[in-house]
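Participant: The numbering used here numbers the first residue of the sequence shown as 8 and each following residue consecutively.
Think of the CB as a built atom: it goes at the ideal place given N, C-alpha and C, for glycine as much as any other residue.
My questions all concern the structure below.
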Amino acid sequence: MGPVLAGVLQLLALIAALALAYIPLGNYMAKVYSSDKHWRVEKWIYKGIGADPDTEMRWTAYLRGVLAFSVVGVLFLYLLQRLQGVLPGSLGFKSIEPDQAFNTAVSFVTNTNWQSYYGEQAMGHVVQTAGLAVQNFVSAAVGIAVAVALVRGFARSRTGELGNFWSDLVRGTVRILVPIAAVAAVVLVACGAIQNFSGIHEVGQFMGGQQQWNGGAVASQEAIKELGTNGGGYFNANSAHPFENPTPFSNLFEIFLILVIPFALTRTFGLMVGSVKQGYAILATMATIWVGFVALMMWTEFAHHGPAFDIAGGAYEGKEVRFGVGASSIFATSTTLTSTGAVDSFHSSFTGLGGGITMLGMMLGEIAPGGTGSGLYGMLIMAIIAVFIAGLMVGRTPEYLGKKIGSREIKLAACYILVTPALVLVFTAFAMALPTPANSMTNSGAHGFSEILYAYTSASNNNGSAFAGLNADTQWFNSTLGLCMLFGRFVPMIFVLALAGSLAEQRPVPATAGTLRTDKPLYTGLLVGTIIIITGLTYFPALALGPLAEGLA
Numbered sequence: 008m009g010p011v012l013a014g015v016l017q018l019l020a021l022i023a024a025l026a027l028a029y030i031p032l033g034n035y036m037a038k039v040y041s042s043d044k045h046w047r048v049e050k051w052i053y054k055g056i057g058a059d060p061d062t063e064m065r066w067t068a069y070l071r072g073v074l075a076f077s078v079v080g081v082l083f084l085y086l087l088q089r090l091q092g093v094l095p096g097s098l099g100f101k102s103i104e105p106d107q108a109f110n111t112a113v114s115f116v117t118n119t120n121w122q123s124y125y126g127e128q129a130m131g132h133v134v135q136t137a138g139l140a141v142q143n144f145v146s147a148a149v150g151i152a153v154a155v156a157l158v159r160g161f162a163r164s165r166t167g168e169l170g171n172f173w174s175d176l177v178r179g180t181v182r183i184l185v186p187i188a189a190v191a192a193v194v195l196v197a198c199g200a201i202q203n204f205s206g207i208h209e210v211g212q213f214m215g216g217q218q219q220w221n222g223g224a225v226a227s228q229e230a231i232k233e234l235g236t237n238g239g240g241y242f243n244a245n246s247a248h249p250f251e252n253p254t255p256f257s258n259l260f261e262i263f264l265i266l267v268i269p270f271a272l273t274r275t276f277g278l279m280v281g282s283v284k285q286g287y288a289i290l291a292t293m294a295t296i297w298v299g300f301v302a303l304m305m306w307t308e309f310a311h312h313g314p315a316f317d318i319a320g321g322a323y324e325g326k327e328v329r330f331g332v333g334a335s336s337i338f339a340t341s342t343t344l345t346s347t348g349a350v351d352s353f354h355s356s357f358t359g360l361g362g363g364i365t366m367l368g369m370m371l372g373e374i375a376p377g378g379t380g381s382g383l384y385g386m387l388i389m390a391i392i393a394v395f396i397a398g399l400m401v402g403r404t405p406e407y408l409g410k411k412i413g414s415r416e417i418k419l420a421a422c423y424i425l426v427t428p429a430l431v432l433v434f435t436a437f438a439m440a441l442p443t444p445a446n447s448m449t450n451s452g453a454h455g456f457s458e459i460l461y462a463y464t465s466a467s468n469n470n471g472s473a474f475a476g477l478n479a480d481t482q483w484f485n486s487t488l489g490l491c492m493l494f495g496r497f498v499p500m501i502f503v504l505a506l507a508g509s510l511a512e513q514r515p516v517p518a519t520a521g522t523l524r525t526d527k528p529l530y531t532g533l534l535v536g537t538i539i540i541i542t543g544l545t546y547f548p549a550l551a552l553g554p555l556a557e558g559l560a
């Protein structure tokens with residue numbers, strides 16, 4: 008079987024698995040967030056944190072819950088790292104330096120999971136399991152909760168209430184993420200991923216020195232790392248490491264985990280707003296972009312440019328031979344079109360245009376299908392922009408799902424889409440202009456510029472993957488990337504929840520003959536075009552200086 012055919016067959020198998028899970032998982036999540044009953048374990052949690060899960064919240068109260076919970080998470084994780092040297096199970100590792108501890112704490116709480124450290128050489132068992140793994144669950148649950156609040160804004164009328172943040176957070180964790188991750192961890196263990204709390208082992212000589220490996224609860228963390236679109240690896244090689252991702256089947260299974268909740272949330276959205284067709288329209292938009300990007304990535308990586316490529320069958324540099332070019336292309340596209348950031352190959356080693364595709368996937372806002380929750384609310388913001396554009400073309404007040412999109416709503420949507428480009432472009436400009444940050448680049452020219460552009464794109468969009476080649480463990484990058492992660496996560500959430508509150512207060516508008524049908528293929532095409540055009544106009548100059556210049560050279 009040729010490598011191209013193998014890649015296509017894996018893509019088809021993945022699509023089939025996602026299709027089988029779409030309806031049952033989407034239906035289940037809709038029931039989770041619509042139920043008025045609480046599980047016993049959930050009642051214990053509410054009692055422990057002093058929360059009343061039945062109190063409805065307006066958007067300001069919901070936002071306060073999101074921010075308060077996240078601030079506590081950052082402080083706890085920061086202190087856990089700073090105290091690692093005196094904690095049991097530290098494997099002899101010292102406490103983390105202040106700037107790196109800040110960067111890592113912010114990274115995992117914001118669902119970014121950017122890592123400027125070698126996991127197997129820096130973090131002990133306590134920090135990995137009690138700190139990083141816990142945030143993998145709850146940061147994903149926060150994203151889903153904000154998305155559900157926005158969906159309620161569309162579904163409700165003449166009320167500013169969006170549900171209860173603490174109830175949404177706990178239910179997302181207890182009823183969705185924990186059960187699926189537990190099953191996924193068992194599957195990964197069966198595939199060969201390790202799961203233990205062993206210490207450091209000497210495994211032989213390597214390049215004149217003694218090679219060491221430490222164990223860990225890898226399979227369980229790998230499961231939620233992918234399911235929650237987190238991406239932070241137990242080992243520096245991330246999902247290219249055989250302890251995390253041992254076989255081609257486990258590789259495909261991990262891609263499935265990355266995509267299954269973001270895609271299924273479109274079904275949840277359709278059910279909660281009372282129209283599954285609306286969910287299918289959003290799904291079609293996400294799927295069109297995802298499949299298009301996968302096909303484009305495969306073409307760039309399989310394209311033969313000279314005898315070395317002909318002999319190898321594609322661009323194998325930086326890719327695991329046990330996965331191949333096809334599976335690596337699917338993984339790279341999926342992890343950058345979501346907020347996962349995990350890698351089973353090194354994006355810096357992709358072809359110039361292939362590296363540009365990974366960047367463009369993040370620059371779209373990671374909405375195809377995006378992160379757990381963040382993908383859905385990002386796509387709904389773009390849906391509002393698309394109906395606004397359509398309204399301008401026909402001279403009619405835009406409406407979406409029975410809600411008028413007035414000046415307040417479009418201003419909030421516009422602010423949302425401007426936050427991350429501003430962070431990416433401003434901080435990239437400063438890093439290139441100042442003398443010290445540029446010293447961290449391994450390469451010069453267009454590829455070196457891509458290293459820095461990729462880093463700020465990844466941090467600001469809460470992706471977390473690295474282009475490789477950039478020494479990001481400096482005070483400048485730990486601090487500025489940490490700020491990008493904070494602002495890139497929570498400032499857009501402010502606009503999303505404010506928009507949800509504004510929509511929930513409106514009276515529903517009846518559909519008329521002039522209403523734009525947002526559940527038809529015409530609207531799906533308009534939405535895809537809107538996303539591509541807005542991103543292209545925003546980022547094209549920067550891309551032209553980096554991956555496009557390299558790819559066309």
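Less than 8 Å separating the beta-carbons of E63 and N221?
Facilitator: The residue you call residue 63 lines up with position 56 of the sequence shown. The residue you call residue 221 lines up with position 214 of the sequence shown. No, they are not a contact pair.
Participant: Alpha carbon to alpha carbon, how far is R178 from T358?
Facilitator: Locating residue 178 in the sequence shown gives position 171, where the first residue counts as 1. Locating residue 358 in the sequence shown gives position 351, where the first residue counts as 1. If you take the alpha carbons of R178 and T358, they lie about 43 Å apart.
Participant: Go to M305, then tell me how far its alpha helix (DSSP H) extends in each direction, as first and last residue.
Facilitator: Indexing the sequence shown from 1 puts residue 305 at position 298. Run containing M305: V283 to F309, per the alpha helix (DSSP H) assignment.
Participant: Beta-carbon within less than 6 Å of Q122's beta-carbon, same chain only, minus the 5 sequence neighbours each way: which residues are those?
Facilitator: The sequence position of residue 122 within the sequence shown is 115, counting from 1. The residues are G239.
Participant: Roughly how many whole angstroms lie between the Cα atoms of S472 and I364?
Facilitator: Taking the sequence shown and counting its residues from 1, the one referred to as residue 472 is at position 465. Taking the sequence shown and counting its residues from 1, the one referred to as residue 364 is at position 357. Distance between the alpha carbons of S472 and I364 is about 13 Å.
Participant: Apart from the five residues just before and just after T275, which ones in its own chain have a Cβ nearer than 6 Å to its Cβ?
Facilitator: Sequence index remark: in the sequence shown, residue 275 carries index 268 (1-based). Same-chain partners within the cutoff: G33, M36 and A37.
Participant: With C-beta atoms as the reference, is D351 less than 8 Å away from A479?
Facilitator: Walking along the sequence shown from the start, residue 351 turns up at place 344. Walking along the sequence shown from the start, residue 479 turns up at place 472. In this structure, A479 does not lie closer than 8 Å to D351 by Cβ.
Participant: Taking the alpha helix (DSSP H) that A549 falls in, what are its first and last residues?
Facilitator: The residue labelled residue 549 in the question sits at position 542 within the sequence shown. A549 -> alpha helix (DSSP H) spans P528 to L552.
Participant: Nearest CA to the CA of I541: which residue from F456, P428, A556 and V516?
Facilitator: In the sequence shown, residue 541 corresponds to position 534, counting from 1. When each option's Cα is compared against that of I541, the closest is P428.
Participant: Return the bridge partner residues of L477 from the DSSP annotation.
Facilitator: On the sequence shown, position 470 is the one that residue 477 refers to. According to DSSP, L477 bridges with M448.
Participant: Are the region 113–120 and the region 493–512 touching by the rule of at least three beta carbon pairs closer than 8 Å?
Facilitator: Yes, the region 113–120 is in contact with the region 493–512.
Participant: Closest to G489 by CA distance: which of F109, A24 and G536 is it?
Facilitator: In the sequence shown, residue 489 corresponds to position 482, counting from 1. Residue F109 is the option with its Cα nearest to G489.
Participant: From what residue to what residue does the alpha helix (DSSP H) around D175 run?
Facilitator: Along the sequence shown, one-based indexing puts residue 175 at 168. F172 to R178 is the span of the alpha helix (DSSP H), which, as asked, contains D175.
Participant: Straight-line CA distance for A438 to G362?
Facilitator: On the sequence shown, position 431 is the one that residue 438 refers to. On the sequence shown, position 355 is the one that residue 362 refers to. About 20 Å.
Participant: Taking a contact to mean a Cβ-Cβ separation below 8 Å, would you say I265 touches S341 in this structure?
Facilitator: Here residue 265 corresponds to residue number 258 of the sequence shown, with the count starting at 1. Here residue 341 corresponds to residue number 334 of the sequence shown, with the count starting at 1. In contact: I265 and S341 (Cβ atoms closer than 8 Å).
Participant: Assuming Q482 is part of the alpha helix (DSSP H), what are its boundary residues?
Facilitator: As a position in the sequence shown, residue 482 is number 475, starting the count at 1. Q482 to E512 is the extent of the alpha helix (DSSP H) around Q482.
Participant: Exposed or buried, which one is W297 when buried takes at least 16 other CB atoms within 10 Å?
Facilitator: Here residue 297 refers to the residue found at position 290 when the sequence shown is read from its first residue. Label assigned to W297: buried.
Participant: Here's the rule I'm using: 16 or more other beta-carbon atoms within 10 Å means buried, otherwise exposed. How should E308 be labelled?
Facilitator: Looking up residue 308 in the sequence shown gives position 301. Label assigned to E308: buried.
Participant: Looking at C-alpha atoms only, which residue of T295, M293, L18 and T273 is the closest neighbour of Q285?
Facilitator: Taking the sequence shown and counting its residues from 1, one reaches residue 285 at position 278. It is T273 whose Cα lies nearest to the Cα of Q285.
Participant: At which residue ranges does the region 123–210 contain complete alpha helix (DSSP H) runs of 4 or more residues, listed in the order of the chain?
Facilitator: Whole alpha helix (DSSP H) segments, 4+ residues: 126–129, 141–162, 172–178 and 185–198.
Participant: Please work out which residues of its chain come closer than 6 Å, Cβ to Cβ, to G455, disregarding the five sequence neighbours upstream and downstream, and give them in chain order.
Facilitator: As a working mapping, residue 455 is identified with position 448 in the sequence shown. So the qualifying residues of the chain are M448.
Participant: So which of Y287, I201, A551 and V145 has the shortest CA-CA distance to T180?
Facilitator: The residue given as residue 180 occupies position 173 in the sequence shown. It is V145 whose Cα lies nearest to the Cα of T180.
Participant: Just grab the DSSP bridge partners of Q219 for me.
Facilitator: In the sequence shown, residue 219 corresponds to position 212, counting from 1. Paired residue(s): E209.
Participant: Just mark Y423 as buried or exposed, buried being the case when its beta carbon has 16 or more other beta carbons within 10 Å.
Facilitator: Mapped onto the sequence shown, residue 423 falls at position 416. The residue in question, Y423, is buried, as its Cβ has 16 or more Cβ neighbours within 10 Å.
Participant: Tell me, please, whether the region 371–381 touches the region 409–422 by the rule of three or more beta-carbon pairs shorter than 8 Å.
Facilitator: No contact exists between the region 371–381 and the region 409–422.
Participant: Kindly list the residues whose CB is nearer than 7 Å to the CB of M492, restricted to its own chain and excluding five residues on each side of it in sequence; keep chain order.
Facilitator: By one-based count along the sequence shown, residue 492 stands at place 485. If we look at M492 and ignore the five residues flanking it on each side, its Cβ neighbours are V113, S114, T117, T119, W121, A466 and N469.
Participant: Between which two residues does the alpha helix (DSSP H) containing N258 stretch?
Facilitator: By 1-based counting over the sequence shown, the position of residue 258 is 251. Per DSSP, N258 belongs to the alpha helix (DSSP H) from P255 to M279.
Participant: With a 10 Å radius around its C-beta and 16 neighbouring C-beta atoms as the bar for buried, classify A315 as buried or exposed.
Facilitator: Residue 315 sits at position 308 when you count from the first residue of the sequence shown. Low confidence applies here, because A315 scores a pLDDT of 48, under 50, leaving its location unreliable; read the following figure in that light. By the 10 Å Cβ count, A315 comes out exposed.
Participant: Quick one, which of F83, S102 and V81 has its alpha-carbon nearest R89's?
Facilitator: As a working mapping, residue 89 is identified with position 82 in the sequence shown. R89 has its Cα closest to that of S102, out of F83, S102 and V81.
Participant: Can you find the residues in the same chain that come closer than 6 Å, C-beta to C-beta, to A162, ignoring five residues on each side of it along the sequence?
Facilitator: Locating residue 162 in the sequence shown gives position 155, where the first residue counts as 1. M279 and V280, listed in sequence order.
Participant: Between which two residues does the alpha helix (DSSP H) containing E49 stretch?
Facilitator: Within the sequence shown, residue 49 is the residue found at index 42, counting from 1. Run containing E49: R47 to I56, per the alpha helix (DSSP H) assignment.
Participant: In chain order, what are the residue ranges of uninterrupted beta strand (DSSP E) at least 3 long that sit wholly in the region 311–398?
Facilitator: Here no run is fully enclosed.
Participant: Tell me the rounded alpha-carbon separation between A137 and T236.
Facilitator: Within the sequence shown, residue 137 is the residue found at index 130, counting from 1. Within the sequence shown, residue 236 is the residue found at index 229, counting from 1. So the two alpha carbons sit approximately 19 Å from each other.
Participant: To the nearest angstrom, how far is the alpha carbon of G99 from that of P255?
Facilitator: Translated into the one-based positions of the sequence shown, residue 99 becomes position 92. Translated into the one-based positions of the sequence shown, residue 255 becomes position 248. Each residue's alpha carbon lies about 34 Å from the other.
Participant: Output needed for L234: all residues of its chain with C-beta closer than 7 Å, excluding positions within five of it in sequence on either side, in chain order.
Facilitator: Sequence index remark: in the sequence shown, residue 234 carries index 227 (1-based). For L234, where only same-chain residues beyond five positions count, the Cβ hits under 7 Å are L184, I187, A188, A191, L264 and I268.
Participant: Just confirm the distance between the C-beta atoms of A562 and G160, as a whole number of angstroms; I'd bet it's less than 8 Å.
Facilitator: With the chain covering 8 to 560 only, the question about residue 562 has no answer from this structure.
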